[in-house]
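Line order of the protein sequences matches chains A and B.
In this text, residue positions in the first sequence follow my numbering: the first is 37, and each later residue adds one.
In this text, residue positions in the second sequence follow my numbering: the first is 37, and each later residue adds one.
Let me begin by presenting the structure, written as structure tokens, before commenting on it.
2 protein chains.
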Amino acid sequence: MSFFLKPLRVHLSADKKFHESLHNVLGFYPTNINLYKLAFRHSSAAQEIQKGIKDSNERLEFLGDSVIGTIVADYLFKKFPFKDEGFLTKLRSKMVSRNMHNQLALKLGLKTFIESNNNRFGSVPNSIYGDAYEALIGAIYLDKGFDFVQDYLLKRIINTHIDMDEIETKEIDFKSKFIEWVQKEKKEFSFETIENGVSSVDKQYLLHLIVETEIIGKAQHFSKKRAEQMVAEQACNVFGI
Amino acid sequence: MSFFLKPLRVHLSADKKFHESLHNVLGFYPTNINLYKLAFRHSSAAQEIQKGIKDSNERLEFLGDSVIGTIVADYLFKKFPFKDEGFLTKLRSKMVSRNMHNQLALKLGLKTFIESNNNRFGSVPNSIYGDAYEALIGAIYLDKGFDFVQDYLLKRIINTHIDMDEIETKEIDFKSKFIEWVQKEKKEFSFETIENGVSSVDKQYLLHLIVETEIIGKAQHFSKKRAEQMVAEQACNVFGI
């Protein structure tokens, strides 16, 4: 009986076990299994297939990252009909952060599928999981089309694994917000540490944020990161970001 | 006869003229005409529909920008099967630049549709055209779905109006490339102008590019922008970007 429940190719495939394990994780049968194999292959385990190009998951990651961004943009656009694009942009950057993708990869159980030779130091960097997650979404998109991957991402990932209340209330990263805006506007900018402004006694950082040729923000703090957030927040207020 | 060639709603619509003009530009009949009206409404001509939110094209622009990014990613992925993701990223950023979107809006003839009160100084900023173009793509996506807008963008815009040979050979913007990478990697960075390093005689800028706490690039040039490109190129080489 079960023969009729699965596509014939699964029974004929030499990769029956991989196919079945993937079905357990994804909830559907892949059509082109090679795309999924590629999605899990970190560059450390890849072969050069032509001069300068390896059969790693990096190209799929490029594609998947973009597909996720669009599906999340659409989701937020419809979920928050009365919020402006600044709010949507901020929420999306939290939902598609590197950290979030690493976590999602682990929650989905992708770890066992990943091919890597990157563990010479006893552990692999976390980003390898997020990269594989993005590449997997790229593979599903190519294998099954946009509508399918959108449905999968909404039902099996966003609605199941992402806590939107937590995301909405998490502290705002003004620096990211500012940089996203300033790049979109194609303006010159720089975070400049003022050497003479740092007192040798209390060792606080004095930071200027310069946009085009104007000093937009000034802040002083023991933590350089905190000072950057402070000047970026000033800039967000100045430019109405 | 022509009655049967157009959807009934076009004949019944009070916006028959807008519908017809849009059809001439797009080559298809919109289903939900209100989405397209919204796409052409710059915030300067928008009304507040609820506290803090206007009926401007900014939300559609957010969505459309992302949809274009995905369609272009897919296009490049398939067009260049033996190029790495660095190449694809670089080409995409040229294809979806603000400047490119402004040009495309004018080529498509969107200018006449735009609603704006932004011309108190006798001219509107060019970005208003690019914004409307992105919002239009967002509107088509919502109105007709991903497959339709993908087909439209490939046939009517990319293959018709974008010169891929020119895009491939245009000079590389190392600063954008570096910033894109450094943000993806979530590393701290700053372009720092070294005050004491600038000779008062020749007025060259001495620039350091700092990533985390390390000086990655040093350059000196009469143009600050050129010096930034130079340090960014050094960083691209160091990190293999």
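Think of the CB as a built atom: it goes at the ideal place given N, C-alpha and C, for glycine as much as any other residue.
Since the structure is predicted, the reported quantities are computational estimates derived from the model, not experimental observations.
- Item | Under 8 Å by beta carbon: chain A residues contacting Asp183 of chain B | Per Cβ cutoff of 8 Å: Gly181, Phe182, Asp183.
- Item | Boundaries of the alpha helix (DSSP H) in which Tyr111 of chain A is found, first to last residue | Membership of Tyr111 of chain A in the alpha helix (DSSP H) is indicated by the continuous run 94-115.
- Query: At which residues does the beta strand (DSSP E) containing Ser226 of chain A begin and terminate?
  - Reply: For Ser226 of chain A, the enclosing beta strand (DSSP E) begins and ends at 225-229.
- Message: Based on DSSP bridge pairs, tell me the residues matched to Arg77 of chain B.
- Response: Paired residue(s): B:Glu151.
- Task: Would you tell me roughly how many angstroms separate the C-alpha atoms of Phe182 of chain A and Lys220 of chain B, rounded to the nearest one?
- Result: For the pair Phe182 of chain A and Lys220 of chain B, the Cα-to-Cα distance works out to about 24 Å.
- Pick helix, strand or coil for Val132 of chain B, following the three-state DSSP scheme. In the displayed model, Val132 of chain B falls within coil according to three-state DSSP, outside both helix and strand.
- Item | Residues that DSSP places opposite Glu216 of chain A in a beta bridge | Per DSSP, none; premise fails for Glu216 of chain A.
- Item | In DSSP terms, what Lys90 of chain B is bridged to | DSSP lists B:Glu84 as partners of Lys90 of chain B.
- Task: Determine, using beta-carbon pairs with one atom in the stretch 91-107 of chain A and one in the stretch 111-131 of chain B, whether at least three such pairs fall under 8 Å.
- Result: When C-beta atoms of the stretch 91-107 of chain A are compared with those of the stretch 111-131 of chain B, three or more pairs fall below 8 Å, so the two segments count as touching.
- Query: Is there contact here, the stretch 185-201 of chain A with the stretch 253-265 of chain A, by at least three beta-carbon pairs under 8 Å?
  - Reply: With contact defined as three or more Cβ pairs closer than 8 Å, the stretch 185-201 of chain A and the stretch 253-265 of chain A are not in contact.
- C-alpha gap between Gln86 of chain B and Phe118 of chain A, whole angstroms: Near 7 Å, if we compare the C-alpha coordinates of Phe118 of chain A and Gln86 of chain B.
- Message: Residues of chain A with CB closer than 8 Å to the CB of Gln219 of chain B, please, in chain order.
- Response: One finds Ser212, Ile215 in chain A with Cβ atoms closer than 8 Å to the Cβ of Gln219 of chain B, taken in chain order.
- Message: Would you say Ser102 of chain B lies against chain A (beta-carbon separation less than 8 Å)?
- Response: Yes - at least one Cβ of chain A is within 8 Å of the one on Ser102 of chain B.
- Message: Let me check understanding here. Comparing Cα to Cα, which of A:Phe76, A:Val108, A:Tyr241, A:Phe227 lies closest to Asp167 of chain A?
- Response: It is A:Phe76 whose Cα lies nearest to the Cα of Asp167 of chain A.
- Message: I'd like the list of long-range same chain contacts for Gly276 of chain B, defined as Cβ closer than 8 Å, with 5 residues on each side in sequence excluded.
- Response: If you ignore the 5 residues before and after Gly276 of chain B, its C-beta comes within less than 8 Å of no other C-beta in its own chain.
- Rounded distance between the beta-carbons of Thr229 of chain A and Leu245 of chain A, thought under 8 Å: So it is not a contact: roughly 11 Å between Cβ atoms.
- Task: Quick one: grab the DSSP three-state call for Lys143 of chain B.
- Result: Note: Lys143 of chain B maps to helix in three-state DSSP.
- Closest by CA to Tyr177 of chain B, which one among B:Ala109, B:Ile104, B:Asn93? Comparing Cα positions, the closest option is B:Ile104.
- Nonlocal neighbours in the same chain, by C-beta distance under 7 Å from Leu140 of chain A, ignoring five residues either side: Excluding residues within five positions, the ones whose Cβ falls inside 7 Å are Tyr169, Ile193, His197.
- Message: Could you tell me the alpha carbon to alpha carbon distance between Ser38 of chain A and Leu189 of chain A, rounded to whole angstroms?
- Response: No answer about Ser38 of chain A holds up, because its pLDDT of 45 lies below 50 and its placement is not dependable.
- Alpha carbon to alpha carbon, how far is Gln240 of chain A from Val108 of chain B? Give it in angstroms, no decimals. Val108 of chain B and Gln240 of chain A have their C-alpha atoms spaced approximately 45 Å apart.
- Item | Beta-carbon proximity list for Asp91 of chain A, same chain, < 6 Å, skipping 5 on both sides | Ala82, Gln83, Ile85, listed in sequence order.
- Could you check which residue in A:Asn93, A:Val247, A:Ile251, A:Asn70 has the C-alpha nearest to that of Ile164 of chain A? Closest option to Ile164 of chain A, Cα to Cα, is A:Asn93.
- In the DSSP assignment, find the alpha helix (DSSP H) that holds Glu204 of chain A and state where it starts and stops. Element bounds for Glu204 of chain A: 200-205.
- Where does Tyr72 of chain B fall in DSSP's three states? Tyr72 of chain B carries a helical assignment under DSSP once its states are collapsed to helix, strand and coil.
- Query: According to a CB-to-CB cut-off of less than 8 Å, which residues of the stretch 117-148 of chain B neighbour chain A?
  - Reply: Flagged, chain order: Phe118, Lys119, Asp120, Glu121, Leu124, Thr125, Arg134.
- If you run the structure through DSSP and keep just helix, strand and coil, what is Glu248 of chain B? Coil, per DSSP.
- Query: By how many angstroms is the C-alpha of Asn60 of chain B removed from the C-alpha of Leu146 of chain B?
  - Reply: The straight-line gap separating the alpha-carbon atoms of Leu146 of chain B and Asn60 of chain B is approximately 11 Å.
- Asn273 of chain A, buried or exposed, once every other Cβ within 10 Å from all chains shown has been counted against 16: So Asn273 of chain A ends up on the exposed side.
- Query: What in chain A is Cβ-close to Leu190 of chain B, meaning under 9 Å?
  - Reply: Within 9 Å Cβ-Cβ: nothing; Leu190 of chain B doesn't reach chain A, min ~14 Å.
- Does the beta-carbon of Asn135 of chain A have 16 or more other beta-carbons within 10 angstroms, so that it is buried, or is it exposed? Taking all protein chains in view, the Cβ of Asn135 of chain A is surrounded by fewer than 16 other Cβ atoms within 10 Å, so the residue is classified as exposed.
- Consult DSSP for Lys254 of chain B and reduce its assignment to one of helix, strand or coil. In the structure shown, Lys254 of chain B adopts extended strand secondary structure according to DSSP, grouped into three states.
- Item | Contacts of Gly166 of chain B in chain A (Cβ-Cβ under 8 Å) | Correct list: empty, because the minimum Cβ distance to chain A is about 10 Å.
- Item | Limits of the unbroken alpha helix (DSSP H) element including Tyr177 of chain A | Tyr177 of chain A -> alpha helix (DSSP H) spans 163-180.
- Item | Own chain residues within Cβ distance below 8 Å of Val267 of chain A, not counting five before or after | Excluding five sequence positions before and after Val267 of chain A, the CB atoms of its chain that fall closer than 8 Å to its own CB belong to Phe227, Leu243, His244, Leu245, Ile252, Gly253, Lys254, Ala255, given in chain order.
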